[in-house]
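Okay, so here's the structure we're looking at.
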Amino acid sequence: MHRDVILFSAFAAGDIVPEWVHLAPTGTFKGRDGRGPYTLDAQAVLADFAAGDRRPIDENHAIDKAAPEGRPSPARGWIVALEARGDGIWGRVEWTDTGRQLLTDKAYRGISPALRVAAGGRVLGIARASLVNDPNLLLTSLHNRSSDHMDLVKLREALGLAADASEAAILAALGQQKTDLATHQAQTASIAAALGLAAGATGDQVVTELQSRQGDASKLAAVKTGLAAAGIDFDKVSATQIETHLRAGGGGTEVTTLRTTVTELQSQLTTLKNDTAKEKAVAFVDSQIVAGKMIRTLRDHYIERHMREPDAVEKELAALPSLHMAGRRAAPAGTQDGTALTDADREVCELMGLDPKAFAATKKTRMEVL
1 MHRDVILFSA
11 FAAGDIVPEW
21 VHLAPTGTFK
31 GRDGRGPYTL
41 DAQAVLADFA
51 AGDRRPIDEN
61 HAIDKAAPEG
71 RPSPARGWIV
81 ALEARGDGIW
91 GRVEWTDTGR
101 QLLTDKAYRG
111 ISPALRVAAG
121 GRVLGIARAS
131 LVNDPNLLLT
141 SLHNRSSDHM
151 DLVKLREALG
161 LAADASEAAI
171 LAALGQQKTD
181 LATHQAQTAS
191 IAAALGLAAG
201 ATGDQVVTEL
211 QSRQGDASKL
221 AAVKTGLAAA
231 GIDFDKVSAT
241 QIETHLRAGG
251 GGTEVTTLRT
261 TVTELQSQLT
271 TLKNDTAKEK
281 AVAFVDSQIV
291 AGKMIRTLRD
301 HYIERHMREP
311 DAVEKELAAL
321 PSLHMAGRRA
331 APAGTQDGTA
341 LTDADREVCE
351 LMGLDPKAFA
361 ATKKTRMEVL
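Once you know that position 52 of the sequence shown is 52 in the working numbering, the rest is easy, because the numbers rise by one and skip nothing.
Here it is, written out as structure tokens:
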């Protein structure tokens with residue numbers, strides 16, 4: 001058998017009209033007058049609320065005391081949502097104008113929930129609540145600025161919003177900040193991976209690595225400038241040739257150190273150039289395969305060639321016909337079905353060692369299918 005138990009909770013002094021009110025503490029509790037113990041079943045309370053309608057907040061339990069006698073018991077607010085938190089059940093309230101004024105005037109210092117309690121003291125629901133001045137439960141005050149919810153005025157200021165920004169605008173700004181943070185973290189992770197850093201590298205680690213590489217770039221620029229003044233092109237000679245030239249002008253340990261530096265820088269530069277050239281080669285060759293060029297089996301060959309002679313490879317592949325409809329060329333003059341071999345077709349046969357007649361027959365078959 002279930003029964004309603006009326007308890008009281010105190011409010012501290014303050015000057016705000018809260019959107020959320022603390023209705024029941026977590027765990028097992030008693031009222032100040034000794035009633036209880038009661039044990040909150042948060043999930044049962046939420047389910048009970050979801051199965052019903054919004055709950056009224058009156059004054060001094062008028063619904064329980066005045067209404068049965070036919071006297072007025074108007075609502076001063078309506079509990080429209082419940083939320084289970086670490087310290088118990090909270091309710092979101094839509095206050096009436098009168099209720100808002102009562103709180104602004106500090107006419108009441110507490111709220112008293114009417115709890116639905118089963119045998120054994122298990123709290124299964126919240127029937128309603130009242131504004132009161134004789135609190136019995138230790139709950140967070142309606143006027144308490146140290147509650148779990150940050151002051152909306154401070155939130156607006158922190159987010160750079162207008163003083164009259166709505167709660168919806170505040171939530172949207174917080175959501176955007178969360179999105180921006182996720183984007184920043186993803187970008188940092190991508191940069192870290194490109195730099196060869198371990199997964200989970202921090203922003204400071206990424207910055208440190210970038211700064212170290214900037215140091216290498218400055219060192220390379222200085223070495224190139226110094227060698228250029230001596231008539232040596234860094235990009236066209238080996239470290240050994242640079243060392244020989246410098247030794248001819250004197251120097252010992254300093255020359256050896258410089259040679260080591262040059263070797264390292266040239267190695268890094270070569271690796272960078274090769275990586276860049278391969279990326280471009282892979283992208284171009286794969287795009288030609290997608291475009292229907294018959295080079296899939298020669299992919300690695302063309303990638304390697306493109307790294308060495310990109311212009312020649314691009315010119316060569318541009319001349320190859322595509323197998324796609326979009327790649328069909330107009331039939332040569334004097335043919336009706338477009339199956340005659342074009343100059344490009346004959347080039348393909350020659351390059352790939354194909355029999356022109358067999359190629360023409362295959363082309364005719366494909367034309368008929370298309």
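Cβ atoms here follow ideal geometry from the backbone N, Cα and C, with glycine treated the same way.
{"Asked": "Whole-angstrom distance between Ala281 and Met307, CA atom to CA atom", "Found": "6 Å"}
{"Asked": "Close Cβ partners of Leu323 (< 6 Å) along its chain, the five nearest in sequence each way excluded", "Found": "Gly292"}
{"Asked": "Stretch pair the stretch 99-113 + the stretch 25-35: three plus CB contacts closer than 8 Å", "Found": "no"}
{"Asked": "The stretch 70-81 in contact with the stretch 52-59 per 3-pair CB rule at 8 Å", "Found": "yes"}
{"Asked": "Nonlocal neighbours in the same chain, by C-beta distance under 7 Å from Ala326, ignoring five residues either side", "Found": "Caution is warranted here: a pLDDT of 44 is assigned to Ala326, below 50, making its placement in the model unreliable, and no coordinate value can be reported."}
{"Asked": "Cβ shell of Val348 (< 8 Å), same chain only, five flanking positions each side left out", "Found": "Met294, Leu320, Pro321, Leu354 and Phe359"}
{"Asked": "Reference Lys278; option with closest CA among Arg296, Ser267, Asp300 and Val290", "Found": "Asp300"}
{"Asked": "Trp95 beta carbon less than 8 Å from that of Val17", "Found": "yes"}
{"Asked": "DSSP state of Val282 mapped onto helix, strand, coil", "Found": "helix"}
{"Asked": "Residues near Val153 in its chain [Cβ-Cβ closer than 8 Å; skip 5 each side]", "Found": "Ala163"}
{"Asked": "Minimum Cβ-Cβ distance from Asp343 to chain E less than 8 Å", "Found": "The displayed structure is made up of one protein chain only, and chain E is not part of it."}
{"Asked": "Collapsed DSSP secondary structure at Glu59 in the structure displayed", "Found": "strand"}
{"Asked": "Sub-8 Å separation of Asp204 and Leu124 beta-carbons", "Found": "no"}
{"Asked": "Chain-order list of residues whose beta-carbon lies under 8 Å from that of Ile303 (same chain, five-residue window excluded)", "Found": "Lys278, Ala281, Val282 and Val285"}
{"Asked": "Candidates Gln101, Pro356, Leu317 and His184, of which the one nearest Ala340 by Cα", "Found": "Pro356"}
{"Asked": "Nearest neighbour of His61, chosen from Glu69, Ser73 and Ala169 [CA to CA]", "Found": "Ser73"}
{"Asked": "For Leu102, the nearest candidate out of Asn133, Thr183, Leu82 and His184 (CA to CA)", "Found": "Asn133"}
{"Asked": "Cut-off 8 Å between Cβ atoms - residues of its own chain near Ala42, not counting five sequence neighbours on either side", "Found": "Thr26, Ala84, Gly88 and Ile89"}
{"Asked": "For Arg92 and Ala114, believed in contact at Cβ under 8 Å, the rounded distance", "Found": "About 18 Å; that fails the 8 Å criterion."}
{"Asked": "Distance between Gly200 and Glu209 (C-alpha atoms, nearest Å)", "Found": "14 Å"}
{"Asked": "Burial state of Leu174, where buried means 16 or more other Cβ atoms lie within 10 Å", "Found": "exposed"}
{"Asked": "Sequence-distant residues of the same chain with beta carbon closer than 7 Å to Glu309, five excluded per side", "Found": "none"}
{"Asked": "Which of helix, strand or coil DSSP assigns to Ser73", "Found": "coil"}
{"Asked": "Rounded separation between Ser212 and Ala182 - CA only", "Found": "26 Å"}
{"Asked": "For Leu272, the nearest candidate out of Ala198, Arg305, Ala194 and Leu317 (CA to CA)", "Found": "Ala194"}
{"Asked": "Element boundaries [alpha helix (DSSP H), containing Gly91]", "Found": "No alpha helix (DSSP H) holds Gly91; the beta strand (DSSP E) holding it covers Gly88 to Trp95."}
{"Asked": "Member of Ile191, Val21, Val313 and Lys363 whose CA lies at the smallest distance from the CA of Leu131", "Found": "Val21"}
{"Asked": "Val206 to Leu197 span [Cα, whole Å]", "Found": "8 Å"}
{"Asked": "Where Arg299 sits in the DSSP three-state scheme", "Found": "helix"}
{"Asked": "For Thr276, the three-state DSSP class (helix, strand or coil)", "Found": "helix"}
{"Asked": "Residue burial classification, Leu23 (beta-carbon count within 10 angstroms, cutoff 16)", "Found": "buried"}
{"Asked": "DSSP three-state assignment for Ser190, whether helix, strand or coil", "Found": "helix"}
{"Asked": "Outcome for Lys363 when other beta-carbon atoms lying within 10 angstroms are tallied against a minimum of 16", "Found": "buried"}
{"Asked": "Rounded Cβ spacing between Arg156 and Ala165 (contact assumed at less than 8 Å)", "Found": "5 Å"}
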